[in-house]
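Working notes, structure below.
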Amino acid sequence: MREIVTIQVGGFANFIGSHFWNFQDELLGLASDPEGDSVFKNQCLNMDVLYRSGETHQGVLTYSPRLVSVDFQDAMIVVVLIMDVYRSLRIYVCSLNVAGSLGSISSRGTLYNEASSVPSDVVTWKGSVSTQASEPHKKNLFLQSLYEEEQENLTHKRNGFQREIEDKDIVECLDNGVQFWTDFSKVHYHPQSLYELSGLWMDVQEFDNYGIGRDAFSGSFQGEDICERLRFFVEECDHVQGFQFIVDDSGGFSAVAADFLENIADEYTNTPVLLYAARSPTSYINLRSRKQTVFRHLHDSVSFSRLAPYCKLIVPVGLPSLSTSKASTFLRIEDEKAYHCSAVYAAAVHSASLPFRMEPVGPTADSFAVSGAVDVNGFVQMLAGQARQNMVSILDVAMPAPPLTGKQGEQSLLGSLQPLTPEVADNVEDFQAVESMIVHGALGSGGHHASVSAVKDSVNAVYEHATSRPMFCHLSVARCPLPIPLPFPSIFGNLVGQHGELLDSPISGSKLRGSLDVHSIPMAARLRSSSAILPFLQNRLGNLRKFGIERGALGAELLRSWRFEKDEIDDMGETLSKMVTALVPNDELSSDSD
């Protein structure tokens, strides 16, 4: 077995993760459905790569994600001491906002039904105690429906059971009322999976920069607890092929992730980390003052330069406006909703991870359900270890992917791919570029799922006739499309059909279509190491030099307040400079030296 352990750090990272695991859960359900589509039954994906089998104390078998999730506990304990007229002391304890980032879900999960370890008595105090606790968040319609379904399955009393919650009401509830990433999660998590940082004495809005997160991991026993949870999942694996790490790098969680990654690099030296550094459109705030601009630019430079050295491949993800990007041509995104944006990024991460769990079968290429399997180490070496040592990759996506034939097919799979990585240059000719492309569920003539060989022939034909092509391209193909689970946002436009086919004319009625209208879609994703990432890197290097390193830099005091010494800042500048130099053409380097 070649297992992968997934790590999610920060709010938006967990939104992405929630959608990602919903896709996996949907695949598992469709594969076991006797009346389901054969394309899902014969998907040839080894789900054990991402999941672990277990057993509760009651002997119930479990199948849960091999996952460590870290988020914010928006909690505060206020102790008020009041001396009454008889000079006796009474203690009042008020607990506020204890739900944190998990909403109505317990950090212990629901599989093992373990009780909380919070003590109910104050042992050392003999006087009266008054505890005021905030009301727990109530389950929304979707989570209520899951509970109803589980109770039905547990009791096996189907006669007379009437589902009181309709799917259309669930979809409407989620589209209008998601607050937490657990609000739309249909997956059971292991008790070791969900961890909330506590004792920070602030709300999540204040946890917004690299400096404020520096001690959150290493300044207490919390870092040890998190590492121990990771160790739990790693030690039960036969052979870990890599870590899939998603971090919300827009605030303090970037520092938490850097400390966590440093521990991983020390303890699991030969295990590659594929890191997605993600952020939501809401993190690109309107910078109304010079101070805010300097603050944000320095955070971005510091965050990237501190995360990069601890992973084998880093993929920046998150556009300032996903709704107006070319990646959303057939989508209707609301940028202010993390529920919307994270669904697109999660679909891309799902597609990118498919080669790591493919199982080729069959005697001939035409009978293959998948092709192009590769493990995390091979994937990283392919993109980051070629002649040019570039460990920063661009993520592109086509959602839905166009068909191989027909009018919409006039735009090829390659031509439909659009970047989800910000600050990427357009129309760059880079003859040293390396690409890994993943296509799954592609549609052919008549709206049927195309064979693996047909997809390979179509992509190869485009490359052969392209005016410029990368130095190397790896292609992975699977017939299984992206399933659309019920708790998926209504973000498809009215040119997207039930199976993700692109229509010639819009469907009448609502302009928004969701999981009740679209059941699956073809996808194409691409990770590429290319000099097109240069603007992203140059902006971070330039801002660090301008605002943090140069004499009289406006942000020098800010970096000192984040407890960075001069040599650390210089090291960050050197890290970014090497990344830029590795991508700059030799003729430009020689002209600069002249």
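Our numbering applies: residue 3 is where the sequence shown begins, and numbers increase by one. We put the CB at the ideal spot given by N, CA and C, even for glycine.
Rounded straight-line distance, which links the Cα of residue j to that of residue i
i: residue 149; j: residue 250; result: 30 Å
i: residue 499; j: residue 556; result: 53 Å
i: residue 32; j: residue 38; result: 6 Å
i: residue 13; j: residue 183; result: 8 Å
i: residue 254; j: residue 60; result: 40 Å
i: residue 123; j: residue 516; result: Note on residue 123: pLDDT 47, under 50, position unreliable in the model; no value is reported.
i: residue 429; j: residue 536; result: 13 Å
i: residue 6; j: residue 511; result: 43 Å
i: residue 549; j: residue 466; result: 46 Å
i: residue 117; j: residue 199; result: Per-residue confidence for residue 117 stands at a pLDDT of 45, beneath the threshold of 50, marking its modelled position as unreliable; the derived number appears in the next sentence. Taking the straight line joining both Cα atoms gives about 19 Å.
i: residue 162; j: residue 153; result: Confidence at residue 162 is low in this model, with a pLDDT of 45, below 50, so its placement is unreliable and no value can be given for it.
i: residue 583; j: residue 506; result: 46 Å
i: residue 314; j: residue 34; result: 36 Å
i: residue 407; j: residue 442; result: 16 Å
i: residue 569; j: residue 469; result: 46 Å
i: residue 432; j: residue 295; result: 32 Å
i: residue 243; j: residue 72; result: 22 Å
i: residue 574; j: residue 476; result: 32 Å
Residue closest to residue i, alpha-carbon to alpha-carbon, out of the options
i: residue 233; options: 563, 506, 332 and 9; result: 9
i: residue 453; options: 372, 31 and 188; result: 372
i: residue 490; options: 55, 524 and 349; result: 349
i: residue 151; options: 169, 379 and 66; result: 169
i: residue 197; options: 241, 271 and 104; result: 104
i: residue 336; options: 547, 178 and 69; result: 178
i: residue 75; options: 54, 51, 49 and 207; result: 207
i: residue 579; options: 535, 563 and 543; result: 543
i: residue 379; options: 241, 334, 561 and 53; result: 241
i: residue 530; options: 581, 438, 549 and 492; result: 438
i: residue 40; options: 451, 455, 554 and 553; result: 451
i: residue 419; options: 324, 525, 407 and 395; result: 525
i: residue 193; options: 421, 58, 581 and 44; result: 58
i: residue 328; options: 436, 403 and 521; result: 403
i: residue 563; options: 42, 245, 297 and 291; result: 297
Own chain partners of residue i with C-beta closer than 8 Å, once the 5 adjacent residues on each side are dropped
i: residue 309; result: 249, 251, 256, 259, 260, 263, 277, 279 and 316
i: residue 119; result: In this prediction, residue 119 has a pLDDT of 42, which is less than 50 and means its spatial position is unreliable; what the coordinates show is noted afterwards. Contacts found: none.
i: residue 47; result: 29, 356, 359, 360, 361, 372, 480 and 482
i: residue 55; result: 63, 64 and 65
i: residue 225; result: 219, 261, 262 and 265
Same chain, Cβ closer than 7 Å to residue i, five either side skipped, listed in chain order
i: residue 172; result: 143, 144, 147 and 488
i: residue 287; result: none
i: residue 357; result: 374, 375, 376, 381, 440 and 478
i: residue 352; result: 22, 25 and 484
i: residue 322; result: 283, 286 and 424
i: residue 180; result: 186 and 341
i: residue 338; result: 284
i: residue 53; result: 65, 66, 67 and 68
Close Cβ partners of residue i (< 6 Å) along its chain, the five nearest in sequence each way excluded
i: residue 449; result: 503
i: residue 416; result: 464
i: residue 577; result: 307
i: residue 247; result: 9, 275 and 277
i: residue 305; result: 212, 251 and 256
i: residue 344; result: 17, 18 and 21
i: residue 301; result: 211 and 212
i: residue 318; result: 279 and 423
i: residue 107; result: 184
i: residue 214; result: 254
N- and C-terminal bounds of the alpha helix (DSSP H) containing residue i
i: residue 266; result: 255-269
i: residue 53; result: Element bounds for residue 53: not the alpha helix (DSSP H) but the beta strand (DSSP E), 53-57.
i: residue 279; result: Run containing residue 279: none in the alpha helix (DSSP H); it sits in the beta strand (DSSP E), 275-280.
i: residue 537; result: 536-546
i: residue 284; result: Neither: residue 284 is in no alpha helix (DSSP H) and is coded neither H nor E.
i: residue 459; result: 454-467
i: residue 234; result: 224-237
i: residue 315; result: Careful: residue 315 lies outside any alpha helix (DSSP H), inside the beta strand (DSSP E) at 315-319.
i: residue 2; result: Outside the shown range of the chain (3 to 596) lies residue 2, about which nothing can therefore be said.
i: residue 306; result: 292-309
i: residue 561; result: 558-563
i: residue 172; result: 169-179
Unbroken beta strand (DSSP E) run spanning residue i, endpoints
i: residue 347; result: Not the beta strand (DSSP E): residue 347 falls in the alpha helix (DSSP H), residues 340-355.
Cross-strand partners of residue i (DSSP beta bridge)
i: residue 528; result: 398 and 439
i: residue 360; result: 47
i: residue 475; result: 437
i: residue 198; result: 73
i: residue 9; result: 70 and 247
i: residue 504; result: 498
i: residue 372; result: 480
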